[in-house]
Amino acid sequence: MRVLLCSSSDAERSYLYKALSESLNSVEVVDNLSYAVYLASHEPFDTVILCAGGAHAHDGLAEALASFTRLPDAPAVVIALTRATPADCARLLRAGADACFVQPWSVLEIQERMLALRRTALAQARPALARLDPLTRDLVEQDRRISLTTREYLLVECLLRHANAPVAREQLIRYAWPEKGDVEPSSVNLVVSRLRRKFITHGARTRIETINRYGYQLDLRADPSGPLP
1 MRVLLCSSSD AERSYLYKAL SESLNSVEVV DNLSYAVYLA SHEPFDTVIL
51 CAGGAHAHDG LAEALASFTR LPDAPAVVIA LTRATPADCA RLLRAGADAC
101 FVQPWSVLEI QERMLALRRT ALAQARPALA RLDPLTRDLV EQDRRISLTT
151 REYLLVECLL RHANAPVARE QLIRYAWPEK GDVEPSSVNL VVSRLRRKFI
201 THGARTRIET INRYGYQLDL RADPSGPLP
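Under full-length UniProt numbering, the first residue of the sequence shown carries the number 1, and numbering increases by one thereafter.
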């Protein structure tokens with residue numbers, strides 16, 4: 001899952017980033033609401049987590065929520081507050097938040113709520129030939145299950161978001177290696193090679209095609225008996 005985490009607290013950002021990344025999420029971190037809104041308007045995210053604490057914790061949240069809900073593919077928005085009354089949470093939910101937590105909140109509960117919101121969104125979409133199972137870290141294609149590493153999982157997830165369409169190599173790097181600032185293209189090539197062999201071994205119809213001088217494309221229409229792209 002692609003997650004945008006916004007918190008002004010260094011300690012909170014570090015803690016949540018580690019916990020969310022360990023749960024197979026591709027996490028982008030920012031420290032202010034304005035930049036979070038800007039980033040979400042230029043890059044697709046499944047979930048936005050807004051953390052707020054301090055005397056003016058709620059300032060700007062309603063305005064940011066309005067901006068998120070106006071996006072073409074609006075992400076689910078989860079708010080985690082240090083202090084808030086039930087009335088505060090109700091106002092934020094009416095303003096567009098999908099979930100609101102008040103300390104002491106649990107990262108596990110936030111993660112499960114994110115997954116529930118994602119399941120709801122996927123249930124409303126067209127069924128796909130292939131899907132990812134976040135509980136087992138498998139690629140599921142009909143009755144086939146293909147076990148993936150963390151990096152393979154994130155790379156396939158990024159490609160699945162744009163199935164049957166080209167994805168730039170730089171975009172794959174940002175998604176599958178969010179914690180690293182400098183990743184060589186050869187790292188992407190290596191992961192793609194491993195995935196191709198796994199797909200062939202399991203007789204999967206899913207294929208990853210190379211788009212010369214650009215990136216890769218996940219083809220969900222391929223013939224499993226065809227040659228390796």
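The C-beta atom is built at its ideal place from N, Cα and C for all residues, glycine as well. Computed from a prediction, not measured in an experiment: that's the story for all the values here.
### Message
I'd like to know if the segment 213–220 and the segment 156–170 are in contact, where contact means that at least 3 CB-CB pairs between them fall below 8 Å.
### Response
yes
### Task
List the whole-angstrom C-beta distance separating R194 from E152, where the pair is believed to meet the contact cut-off of C-beta under 8 Å.
Between the beta-carbon of R194 and that of E152 there is about 6 Å, and that keeps the pair under the 8 Å contact cut.
### Query
Which residues does DSSP pair with L139 in a beta bridge?
L132 and I146
#### Entry: Length-filtered (3 minimum) beta strand (DSSP E) runs lying within the segment 62–92
76–81
### Message
Our contact map puts P75 next to A99 with C-beta atoms below 8 Å; I'd like the distance itself, whole angstroms only.
### Response
Their Cβ separation, rounded to whole angstroms, is 12 Å, which puts P75 and A99 out of contact at 8 Å.
### Task
Spatial neighbours of L115 within its chain, please: CB distance less than 7 Å, with the 5 preceding and 5 following residues excluded, ordered by chain position.
P134
### Message
Cutting at 6 Å between CB atoms, please list the residues of its own chain near A95, excluding the five before and the five after it.
### Response
A62 and L65
### Query
Which two residues bound the contiguous alpha helix (DSSP H) that contains Q171?
From DSSP, the alpha helix (DSSP H) with Q171 extends over R169 to A176.
### Query
In whole angstroms, what is the alpha-carbon distance linking V183 and D88?
43 Å
### Query
What three-state label does DSSP hand D219 in the structure shown?
strand
### Task
Spatial neighbours of S8 within its chain, please: CB distance less than 6 Å, with the 5 preceding and 5 following residues excluded, ordered by chain position.
D31
#### Entry: S213 (DSSP reduced to helix, strand or coil)
Per the sequence presented here, residue 213 reads as Arg, with Ser not at that position. Of the three classes helix, strand and coil, the one that applies to R213 here is coil, per DSSP.
### Query
With 16 other CB atoms within 10 Å as the buried threshold, where does D46 fall?
buried
### Query
If you run the structure through DSSP and keep just helix, strand and coil, what is P166?
strand
### Query
Nearest to V107 by alpha carbon, out of L16, G203, Y214 and L148?
L16
### Query
Just checking my contact of V48 with V29 at CB under 8 Å: how many whole Å lie between their CB atoms?
Under the criterion of beta carbons closer than 8 Å, V48 and V29 do not qualify as touching, at roughly 12 Å.
### Query
Hey, out of P44, T82, C6 and L154, whose CA is closest to P72's CA?
Ranking P44, T82, C6 and L154 by Cα distance to P72 puts P44 first.
### Task
Pull up the distance between the alpha-carbon of A55 and that of E109, whole angstroms please.
With a pLDDT of 49 at A55, under the threshold of 50, the modelled position of this residue cannot be trusted, and the question is left open.
### Message
Along the chain, where does the beta strand (DSSP E) containing V102 start, and where does it finish?
### Response
A99 to V102
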